[in-house]
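J.: These protein sequence lines map, in sequence, to chains A and B. According to my numbering, the first sequence is numbered sequentially starting from 1. According to my numbering, the second sequence is numbered sequentially starting from 348. In this text, a Cβ means the ideal position worked out from N, Cα and C, and glycines have one as well. Please read all numbers here as calculations on a predicted model, not as lab measurements.
There are 2 protein chains.
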Amino acid sequence: MRATLMYGAGDVRVENLPDSAVKLPTDALVRITASCICGSDLWPYASMKPEDGPARMGHEFIGIVEDTGSEVTTVKPGDLVVAPFAISDNTCEFCREGLHTSCAHAQANFWDTEPEEGCQAEAVRVPLADGTLVKLPVTADSALIPSLLTLSDVLGTGHHAAVAGGVDERTRVTVIGDGAVGLLAVLSAKRLGAEQIILMGRHHARTGLGREFGATDVVSARGEEGIAAVRDLTGGHGTHVVLEAVGNMPAYEQALGVVRPGGVISRVGVPQYEEAPIGFGSLFRHNIRLAGGPAPVRAYIEELMPDILDGRIEPGKVFDTTTDLDGVPAGYQDMADRRSLKVLIRP
Amino acid sequence: MRATLMYGAGDVRVENLPDSAVKLPTDALVRITASCICGSDLWPYASMKPEDGPARMGHEFIGIVEDTGSEVTTVKPGDLVVAPFAISDNTCEFCREGLHTSCAHAQANFWDTEPEEGCQAEAVRVPLADGTLVKLPVTADSALIPSLLTLSDVLGTGHHAAVAGGVDERTRVTVIGDGAVGLLAVLSAKRLGAEQIILMGRHHARTGLGREFGATDVVSARGEEGIAAVRDLTGGHGTHVVLEAVGNMPAYEQALGVVRPGGVISRVGVPQYEEAPIGFGSLFRHNIRLAGGPAPVRAYIEELMPDILDGRIEPGKVFDTTTDLDGVPAGYQDMADRRSLKVLIRP
C-alpha cells in the first residue's frame, strides 16, 4: 500500500510499504477514503532532523472498515468510520471523564507516535478499534465528508479550546491564529454563544472565513499594536477568554496581552516552548488561568456530529484544496507557504 | 504613633512616626486592635535590599474606626472592622464579579504597596473605606478575634485556593505547604467537602493542626519521594486539585508531580519565579490547568464569617504566638526560624 513518510524538514515522500493488517483481536483495518494534512504536521516539516526520520505521517481520517479482530464488536467490515487523532479504549477512568487523550490503556497513543502506522495512506491498522472508531451514518461519497473529517481533529480541537476556556453567552473571546484550528475555535465559540469573538489573523481569505464562522471583529496587527487593538475593542480590559491556536511564544505573549483580569488562556496549539512566564507579572497578579491541551476529540464526536448532519455548521469549509496521495508532498509545501489553508486527501 | 518598618533583610524595627489621619473624603482612620505577621512578609525579610527600604509592614488587621471622611457611609467611629489585604471600592466591574484584587479604582492597591501605611502599627488610614472595611458583630475583646482576623488574608486565601481549584465533594486534594495559608487551604477544602486531603509538610505540630483541620493524609517527604508517596495514596494518578501555598519553584515542581491528568494546580503562594515549565512535558500533555492568584478575600468575608461566628470553623488556631508591637521584630525572626507558625500582634 502507499503511505506518506517524512524524511526530514521539507522532505515528504509517498512510498510503497507493506500492507497494514489486523494484528491484535482488538484491531481493525480501515481502508482510508479521506484524510488530510494538519497544521501541526508543519512543525516537523519545518524542523525535523533526518536522523529522526523517516516517520509515518497523518492523524486524521475517514475510511471503510475492511477487517476486524475477533474482539471488535462496535464496527464491522463495510462500515464508514471516523477516527480521532488519539487512540483510546473509551472505557478507562479518564475516558469516562471525557479525557480520552489521557487514556490509561497501554495501547492508547497519538497516531503521530504510532511507529508503524499513519493516516496519510491507503489503509491503517486501528488499535483499540471499539474505543477509537465512530461509525458515520453517511456514505463515503457524501458531500458532508469534509465536515465530518474535521471531527478527527480540527473541529474537536477548536471546540475543546472553547470548552476548556469556559466560553458561554456571557464571554468575550479572542482567538489567536487563523489556521484551521483557530477558525474552528471561532465557529465553536459562536456555537457556544459567545458575545464577542475577536479573530487575530493576517491572511485575508482566512479571516473572511473566520467572519463567516462567527468572528465579530478581526485584528490583523500583531505584538503590542495587536494587543492595543483588542483592548480598544473591549473597553480597555481584554477578553474573558483567549483561545490560543498557534503554539509558539509570540502567540502566548499575545494571549497574555489581551486576556482580561480573572480570564482564561486556553491553549490548543501544541507549545513549541517548555518554559514561559507565569509569575506575578504575567498570570498571577490578575488571577489569569491557563487551560487546554491535546483535545479529547473522541469525547465530542457525539455532540458535534448532529450539527454537521443537520447542516447547522460547515466546518469542512476549512478545506480549500483537495489532492490524491501523489499530491501530498506538494500539499505540505502549499500549507507551509500559506497557499492552502488545509489540504484534503482522497487516497 | 508606633509602626513597623523593614530596613532590609533581617532588619525590622518599630518606630515612632507621624500619626496617620483621614486625608480624603472616602478615607477612614482605624485604631488597630489586632494585626499579625504574614508568611509573605518573610520573603522581604529574607531578601530585601537596604536601598529598597525602609518599608511600612503589615496587611492584616482588625480595629476600631476612629474617624471617617465626609463621604464614608458604611462605617462610623466606634465600629469594629476587619480589612482585606487589598484595598478596593467594591463597586467596579471586577469587584462586582468577586475579583476585588483587580479592582479598577485608581486608589485600589495592596497594603504592601501603599507607601505611607502599614497594618503592623497602632493606626492606619484606610482608603476607599466603604469598599474595604467590613463591620464585625463582636467586641474588640471577643475570643473570636483571632479567627476573625484570618478573614483579612490567610483564611480567604486558603479558601480562594480551594475555590479557584474547583474543590468539591468529588475531588481529591493535595495541599503543598504547612504554613498558615496551607493549613487553612486544608480547612477550606474540608469545608467544601473534599473526599481526600493530602497535606505535604514536614513540621510535626503544623501537620497535626492540619489533621485537625481536615487532612486525611500527611506526606512529609519532598521531591521525587514525596511525589511517589502522594501517588501511592491516590491509585497512582495523583489528585484532581493541588493547592500550592508556598510560591517557590520546588513547590511548583512538586505540584506538577502530584496533579492528576485533567487536574488543576491552584496557586496562592506568591510566585518567587517568573518563568516556569508549562509546555508539552509539564502542563499541556495531560490538560493540567493552572489557576489562582492574589485572593479577593473581600469577596469571601460574608460567606466565611458566619462559620466563624457559629464556631463551625476555628481558623484562628493558626496563631500560636501573641505579642505587642515591641515583640514584632522577634516575631519575624521566630516565624523565619519556624518557631512560630503565625504571630498575632496586639498593638
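#1: Rounding to the nearest angstrom, what Cα-Cα distance links Thr323/A and Val510/B in this structure?
#2: Any contact of the segment 36-44 of chain A with the segment 331-346 of chain A, i.e. 3+ C-beta pairs under 8 angstroms?
#3: How would you list, in chain order, the residues of chain A whose beta-carbon sits under 9 angstroms from the beta-carbon of Leu446/B?
#4: Can you list, in chain order, the residues of its chain whose CB lies under 6 angstroms from that of Asn456/B, leaving out five sequence neighbours each side?
#5: Does the ligand GTP have a heavy atom nearer than 6 angstroms to the CB of Lys370/B?
#6: From Arg31/A to Phe441/B, what distance separates their C-alpha atoms?
#7: In chain order, what residues of the same chain have a beta carbon less than 8 angstroms from the beta carbon of Leu148/A, not counting five sequence neighbours either side?
#8: Using a Cβ-Cβ cut-off of 7 angstroms (strictly less than) and excluding sequence neighbours within five positions of Gly210/A, which residues of its own chain qualify?
#9: Buried or exposed: Arg260/A, going by 16 or more other Cβ atoms within 10 Å of its Cβ?
#10: Indicate whether Arg519/B and His587/B have their beta-carbon atoms separated by less than 7 angstroms.
#11: Less than 7 angstroms between CB atoms is the rule here; does Ser102/A satisfy it with respect to chain B?
#12: Could you tell me the distance, in whole angstroms, from the CA atom of Met249/A to the CA atom of Arg443/B?
#13: Name the one or two DSSP bridge partners that Thr4/A has.
#14: Below 8 angstroms on the Cβ atoms is my guess for Ala245/A versus Gly269/A; work out the distance and round it to an integer in Å.
#15: Which residue comes first and which comes last in the alpha helix (DSSP H) that contains Arg636/B?
#16: Which residue comes first and which comes last in the alpha helix (DSSP H) that contains Val259/A?
#17: Under 7 angstroms between C-beta atoms, does Pro84/A make it to chain B?
#18: Applying the 10 Å Cβ sphere with the 16-neighbour rule, what's the burial state of Glu224/A?
#19: Jot down the residue ranges of each uninterrupted beta strand (DSSP E) in the segment 63-144 of chain A, minimum 3 residues, whole runs only, in chain order.
#20: With Leu530/B as the anchor, note down where its alpha helix (DSSP H) starts and where it stops.
#21: Quick one: list the residues of chain B neighbouring Val270/A, beta-carbon separation under 8 angstroms, in chain order.
#22: Alpha carbons only, please: which of Leu590/B, His447/B, Asp477/B is nearest the one belonging to Val605/B?
#23: Mind listing which residues of the segment 455-470 of chain B have their C-beta closer than 8 angstroms to chain A's C-betas, in chain order?
#24: Nearest to Val522/B by alpha carbon, out of Met682/B, Arg553/B, Gly658/B?
#25: So, under 8 angstroms CB-CB, Ala123/A and Leu29/A are touching, yes? Tell me the CB distance rounded to an integer number of Å.
#26: If Ser282/A and Leu256/A are in contact, beta carbons under 8 angstroms, what's the gap, nearest whole angstrom?
#27: Mind checking who Met200/A pairs with in its DSSP beta bridge?
#28: Relative to the C-alpha of Ala508/B, which candidate in Leu491/B, Leu480/B, Ser535/B, Gly610/B has its C-alpha closest?
#29: Within 10 angstroms of its Cβ, does His551/B collect 16 or more other Cβ (buried), or is it exposed?
#30: Within this structure, are the beta carbons of Asn90/A and Gly640/B separated by less than 7 angstroms?
#31: Return the bridge partner residues of Thr668/B from the DSSP annotation.
#32: DSSP three-state call for Ser387/B: helix, strand or coil?
#33: Under a CB-based cut-off of 7 angstroms, is Tyr392/B close to chain A?
#34: Cutting at 6 angstroms between CB atoms, please list the residues of its own chain near Pro54/A, excluding the five before and the five after it.
#35: In whole angstroms, what separates the C-alpha of Trp111/A from that of Glu314/A?
T.: Quick look at the numbers:
#1: 51 angstroms
#2: As far as the Cβ criterion goes, the segment 36-44 of chain A touches the segment 331-346 of chain A, which means the pair count is three or higher.
#3: Pro261, Gly262, His286, Asn287
#4: Ile434
#5: Summarising the ligand content, the structure contains no ligands, and the ligand GTP is consequently not present.
#6: Cα to Cα, Arg31/A sits roughly 55 angstroms from Phe441/B.
#7: Taking C-beta separations shorter than 8 angstroms and ignoring five residues to either side along the sequence, the partners of Leu148/A in its chain run Ile62, Val82, Leu136, Val138, Ser142, Met305, Ile308, Gly316, following chain order.
#8: Asp178, Leu183, Val186, Leu199, Gly201, Val218
#9: buried
#10: yes
#11: yes
#12: 33 angstroms
#13: According to DSSP, Thr4/A bridges with Val14/A.
#14: 5 angstroms
#15: Not the alpha helix (DSSP H): Arg636/B falls in the beta strand (DSSP E), residues 636-639.
#16: Element bounds for Val259/A: not the alpha helix (DSSP H) but the beta strand (DSSP E), 259-267.
#17: no
#18: exposed
#19: 80-83, 123-126
#20: 527-538
#21: Phe627, Phe631
#22: Leu590/B
#23: none
#24: Arg553/B
#25: 6 angstroms
#26: 5 angstroms
#27: Ile176/A, Val219/A
#28: Ranking the options by Cα distance to Ala508/B, first place goes to Ser535/B.
#29: exposed
#30: no
#31: Val690/B
#32: Helix.
#33: no
#34: Only Leu5, Tyr7 meet the Cβ criterion.
#35: 25 angstroms
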